[in-house]
Amino acid sequence: MSALLEVSGLARHYPVKKGVLVQKQVGTVRAVDGVSFEVRRGETLALVGESGCGKSTTARLVLRLIEPSAGTIRFDGQDVTKVGGAAMRSLRRRIQIVFQDPYASLNPRLTVGEAIAEPMVVHGIGDNAARRAKVQELLRLVGLQPFHAERYPHEFSGGQRQRIGIARALSVEPDLVVCDEPVSALDVSIQAQVVNLMKDLQARLGLSYLFIAHDLAVVKHMADRIAVMYLGQVMEIGGKRELFANPRHPYTRALLAAIPHPDPARRGKVTPLGGDVPSPMAVPPGCRFHTRCPFAQDRCRSEVPALREVAPGHNAACHFAETLPDAGLDYSGGLT
Ligand code: SF4
Ligand code: MG
1 MSALLEVSGL
11 ARHYPVKKGV
21 LVQKQVGTVR
31 AVDGVSFEVR
41 RGETLALVGE
51 SGCGKSTTAR
61 LVLRLIEPSA
71 GTIRFDGQDV
81 TKVGGAAMRS
91 LRRRIQIVFQ
101 DPYASLNPRL
111 TVGEAIAEPM
121 VVHGIGDNAA
131 RRAKVQELLR
141 LVGLQPFHAE
151 RYPHEFSGGQ
161 RQRIGIARAL
171 SVEPDLVVCD
181 EPVSALDVSI
191 QAQVVNLMKD
201 LQARLGLSYL
211 FIAHDLAVVK
221 HMADRIAVMY
231 LGQVMEIGGK
241 RELFANPRHP
251 YTRALLAAIP
261 HPDPARRGKV
271 TPLGGDVPSP
281 MAVPPGCRFH
291 TRCPFAQDRC
301 RSEVPALREV
311 APGHNAACHF
321 AETLPDAGLD
331 YSGGLT
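If you read the sequence shown in the UniProt record's numbering, its first letter stands for residue 1, the second for the next number, and so on.
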């Protein structure tokens, strides 16, 4: 599989200013602080981390809703930070988003049919008749009825609205869909249905997903590979099975240990992570995870660990990735 999206050294820093008449910069928020990953054709790369780790900012950078402070974003071989005009419009069609909140993301004044057709109108695709036919096809594709096109979003449940959001994203036949916590706002019983629909659509349409989530339980069924983010950087990245079976970063282990194992006999004792996530305005020196890491040594407080290969296709940013005790926990969360 070749890369569809390649992100390299991506950063987004915000100056923090104070003062009313004279503004003085008092600090910098390092929302995204040097992130590299790729999304291969037809795969799902999950970006996972606690809120504030920079995953949504990464999504907005990829969608070109905001400008990076540093780094490059290549899509299908093109540097997206350098293109303009027609090439930019084409990119905007080929990368679509499914939002977290299916209640807030649909305009209540548009019928479902109008909402789904809107991206086609924006991109000048088809005439009215062709768009109407496409809307019907998309509604069936996401498991809704063609007559639903005449209804309004408030007549639908959260899960149905997310299906409408997915149909809208697919209306312009994108290659990459950025999914920003698409099931986090849904009831647990509905989450699996939407995840299964997304997997099914991926297989049928050859889509690639950049799938953002705040815990590893959701991506257990969805991801091919997983990147774990903390305070604006990737701490660990690798294939899902490898990462669940052999997590090499203490932060990944903490996230995995938080997933309840379906078999109580195999559940380890979970030590919750101590302390709070530091402010992205005051990133700790050395390993940025050291203030919460149960394995931190002196070296961790001064020396930044490189994100390096610890097994084929598996990278971790920890000085002691190879020698961490495994604490007897079963991290697999029922995956194996
Ligand atoms: Fe913990 Fe040190 Fe590894 Fe950072 S480098 S994760 S502080 S052991
Ligand atoms: Mg978010």
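Even glycine gets a Cβ: it sits at the ideal position worked out from N, Cα and C. This structure is a prediction, so every number in the text was calculated from the model and none was measured.
- Taking 8 Å as the cut-off, the beta carbon of V32 is found no closer than this to the beta carbon of L176.
- F156 is classed as buried because its beta carbon has at least 16 other beta carbons within 10 Å across all chains shown.
- A distance below 8 Å separates the beta carbons of V194 and V183.
- In this model, G124 and G159 are separated by some 29 Å (Cα to Cα).
- Between the C-alpha atoms of L45 and V20 there is a straight-line separation of about 44 Å.
- Listed by position along the chain, the residues with Cβ atoms less than 5 Å from a non-hydrogen atom of the ligand SF4 are P250, C287, F289, H290, C293, F295, A296, C300, P305, C318, H319 and F320.
- Excluding residues up to 5 positions away in sequence, T28, V29 and A31 lie with their Cβ nearer than 8 Å to the Cβ of Y14 in the same chain.
- About 7 Å separates the Cβ atoms of A149 and Q136, confirming a contact at the 8 Å cut-off.
- In the structure shown, the three-state DSSP call for P247 is coil.
- R204: member of the alpha helix (DSSP H) spanning V188 to L205, first to last residue.
- In its chain, beyond the 5 residues on either side, P102, G158, G159, Q162 and V194 have a beta carbon closer than 8 Å to the beta carbon of L186.
- Residue environment for L65: exposed (fewer than 16 other C-beta atoms within 10 angstroms of its C-beta).
- DSSP places I164 in the uninterrupted alpha helix (DSSP H) bounded by G158 to L170.
- Taking 8 Å as the cut-off, the Cβ atoms of V304 and C318 do not count as close.
- Taking every protein chain shown into account, the CB of S189 has fewer than 16 other CB atoms within 10 angstroms, so this residue is exposed.
- Pairing G126 with R94, the inter-Cα distance amounts to about 16 Å.
- DSSP, reduced to helix, strand and coil, places K24 within a strand of the structure shown.
- R151 sits in coil when the DSSP states are folded into three classes, being neither helix nor strand.
- In this structure, I97 is the residue among R301, Y251 and I97 with its C-alpha nearest to the C-alpha of I164.
- The DSSP-derived three-state label of S184 is coil.
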